[in-house]
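Residue numbers (my numbering): 7 to 198.
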Amino acid sequence: MKRLAMLIALLLLPTNGAYAVDIPLTCADQKTFGLRVSNVIDGCLDSEYSLGAGPIPISLLPKQDLDLNLLYRFLAAQAAAKKEGVALEITSGYRTLSRQKYLFAQAVKKYGSYDKAAKWVAPAEVSHHPLGLAIDVNYPNDPSSAKWLEINGYKFGLCRIFKNEWWHFEGNIAPGWKCPAMFKNARALLNS
Ligand SMILES: [Zn+2]
């Protein structure tokens with residue numbers, strides 16, 4: 007992993023000779039989930055999980071489970087929330103493509119058209135759940151706990167994505183960055 011980080015850093019070297027090797031990398035202790043900022047050259051310790059140095063990249067390779075980077079980000083956030091008496095849990099994470107297609111088809115039945123359904127359930131071709139890159143947190147009964155994640159998630163690289171889905175989070179920033187503006191709903195992804 008260290009070698010990979012080194013390789014990536016070398017690829018990122020600017021051509022003017024300056025060494026851009028100190029890109030911050032956030033690491034979480036495997037036991038306490040306390041955060042520590044390292045850099046992409048030094049990497050994380052064997053006793054730590056890497057939470058990454060940027061947004062979690064979208065890979066189109068077939069997935070069978072939640073992206074590990076996303077899982078570690080969530081576990082670190084969950085540990086921090088617990089210290090403040092807030093219980094966070096993933097109520098839906100990775101979904102197969104066929105499951106997402108089924109959920110979308112159900113929504114089309116419920117709302118009456120593809121367009122209306124897409125406001126509430128992402129069509130399989132744009133949903134990040136089948137890519138292992140999205141989690142639904144504390145859905146459907148606990149929006150107030152999920153609010154903790156909406157406020158504090160950026161520290162762990164987690165952001166709420168949709169204005170109409172308080173439960174849906176993705177790892178679309180580096181830990182510590184500011185979350186971008188939310189999309190109006192899943193339908194907006196079809197235009198982006
Ligand atoms: Zn979701």
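By construction, the Cβ of each residue, glycine as well, lies at the ideal position given by its N, Cα and C atoms.
For residue i, is the beta carbon positioned less than 7 Å from some heavy atom of ligand 1?
| i | result |
| --- | --- |
| residue 171 | yes |
| residue 73 | no |
| residue 130 | no |
| residue 140 | yes |
Please go through the same chain and pick out, in chain order, the residues whose beta-carbon is closer than 8 Å to the beta-carbon of residue i, but skip the five residues on each side of it.
| i | result |
| --- | --- |
| residue 173 | 97, 142, 143, 144, 145, 146, 149, 152 |
| residue 159 | 83, 165, 166, 175, 185 |
| residue 61 | 163, 177, 178, 179, 180 |
| residue 134 | 64, 128, 140, 176 |
So, under 8 Å CB-CB, residue i and residue j are touching, yes? Tell me the CB distance rounded to an integer number of Å.
| i | j | result |
| --- | --- | --- |
| residue 57 | residue 162 | 7 Å |
| residue 125 | residue 193 | 5 Å |
| residue 68 | residue 106 | With 8 Å as the limit, residue 68 and residue 106 do not qualify as a contact, their Cβ atoms being about 14 Å apart. |
Put residue i into one of helix, strand or coil per three-state DSSP.
| i | result |
| --- | --- |
| residue 31 | strand |
| residue 196 | helix |
| residue 60 | coil |
| residue 41 | strand |
| residue 47 | coil |
| residue 173 | strand |
For residue i, which residues from the same chain have a beta carbon less than 6 Å from its beta carbon, with the 5 sequence-adjacent residues on both sides left out?
| i | result |
| --- | --- |
| residue 156 | 166 |
| residue 102 | none |
| residue 42 | 33 |
| residue 99 | 72, 141 |
| residue 169 | 188, 190 |
Any heavy atom of ligand 2 closer than 7 Å to the Cβ of residue i?
| i | result |
| --- | --- |
| residue 75 | Judged by which ligands are present, ligand 2 is missing from the structure shown, whose ligands are ligand 1. |
Would you say residue i lies against chain B (beta-carbon separation less than 8 Å)?
| i | result |
| --- | --- |
| residue 143 | In the displayed structure, chain B is absent; only one protein chain is listed. |
Mind listing, in chain order, the continuous alpha helix (DSSP H) runs of no fewer than 4 residues lying wholly within the segment 122-164? The segment 122-164 contains these whole alpha helix (DSSP H) runs: 149-158.
Counting only runs of 4+ residues fully inside the segment 69-119, write out the alpha helix (DSSP H) ranges in chain order. 74-89, 103-117
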